[in-house]
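Notes follow the structure.
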Amino acid sequence: ENEGRSTQSTTATTIDTNTAKKAMFVLTTIADTICIPPSMFYKPTLTSVHTQIDQKYPNRVIMNVGLVICRYGDVLQIGDGVCVPGDGSAHHEVVFRLVVFRPFVEEVCVGVIDSCDETGINVRLGDFFYDIFIPAYWMLRPSKFDEESGLWVWTPDYGEEEGEGDGGGEGKEEEAQKFEMQIGSEIRFKVKGHNFWRVTNTAKGMQATNTSTGAKLPRSATGSGNKGEGGGGMNDGGPDDAIDVEKFRTRSSSVDLSEAENIPACMQIMASICEDGLGLVSWWSNEDDEEEEGEEGEEGDEGEEGDYYEEGEEEVIKEE
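In our numbering, the protein residues as written are 1 to 320.
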């Protein structure tokens, strides 16, 4: 049931993460102790180590690093095997590299809406990452959660001048300018931060440690807003809402999950659609498609007229 979801985490020593070039997938160097059972002693050590790494790391989350996709190349270093009393396995200190999924902050991605409620929208990226969340305060303004349809609706306001003089058509125009965010629709969003959770069982019960890294929250997130209403949005940016991309804040906290119904995902991406060009892909592509179709239609009409005259000339020749 949890295939493709970041529900498991693993601990290892992270030596270096290549983040010099901003990319969705990064290379990270890991140092870990790899255990080779006696049943694999007949194989070359390098082959056994590769097999154990491929079984342990893919589809797991490394705290403060990201979701592991696969091993990258051969291991860099393999230490001597050490036998521990009471265990017949060989333990090797190994240094290797992994391909990790971790989109950088302010990266624009395209995903699919998986579900939504009054707190925000859950988005999945492909078929391997389902834990992307767009909170209500990072929606296009004005956006509102419709309880009847169970969907978020964006109702853009283009100003008061357009509606003047058309008293009878105002209601129709308002209805026509409602854009629903349907489940299963493609949505373009911008990454705003990462949340990493480590769940452990302690004497006090189940505890979760959270480490979040990301841009500063918009001013509307901390202001007095109604529940189920979006903040930030179209042409609404100002000096107070500006985000310095180069400065991020990292903070840690601990949460008691003894009475919690759901355990948080090991890695969660916080996203935003509060800028022009973000939101459903269909919203911003209709105008371009209509212009292209119009140009193609004009070219087609000219071609049909030319064919008509050619056919007429052929008919005249046959009559003579």
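All C-beta atoms in this analysis are idealised placements derived from N, C-alpha and C, irrespective of residue type, glycine included. Quick caveat, the model's predicted, so the values are computed rather than measured.
For a cut-off of 8 angstroms, the C-beta gap from I121 to W152 is around 6 angstroms, short enough to register as a contact. Just so you know, the alpha carbons of L76 and W283 end up roughly 48 angstroms apart.
Within the stretch 18 to 89, the runs of alpha helix (DSSP H) that reach at least 4 residues and sit entirely inside it are, in chain order, 45 to 56. Taking 9 angstroms as the cut-off, the beta carbon of I134 is found closer than this to the beta carbon of S272. In this structure, the straight-line span from the alpha carbon of T45 to that of P58 is close to 20 angstroms. Residue nearest to L140 within the set G150, R124, V100 and M181 is M181 (criterion: CA-CA distance).
Annotation for C109: the continuous beta strand (DSSP E) segment containing it runs V108 to D117. For A271, the pairing in a beta bridge is given by DSSP as V191.
V108 places its beta carbon less than 9 angstroms from that of R188. Looking at the backbone, the Cα of D114 and that of I183 are separated by about 6 angstroms. Contact annotation, F25 with I53: C-beta distance approximately 18 angstroms; criterion of less than 8 angstroms not satisfied. By the Cβ neighbour-count rule, K190 is buried, with 16 or more other Cβ atoms within 10 Å of its own.
The three-state reading of DSSP puts A208 in strand, counting E and B together. When C-alpha distances from A136 are compared across H91, Y130 and F145, the shortest belongs to F145. A straight-line Cα-Cα distance of about 10 angstroms links S39 and G88.
Secondary structure of S143 (DSSP, three-state): strand. Here K192 is buried: its Cβ has 16 or more other Cβ atoms, across all protein chains shown, within 10 Å. By the CB criterion at 9 angstroms, G66 and T29 fall outside the cutoff. Rounded to whole angstroms, the gap between the alpha carbons of T211 and Y42 is 42 angstroms.
For R124, the enclosing beta strand (DSSP E) starts and ends at G120 to L125. The beta carbon of V100 sits closer than 8 angstroms to those of T17, F25, V26, L27, T28, I62, V65, G66, L67, V68 and I69, all from its chain and outside the five residues before and after it, given in chain order.
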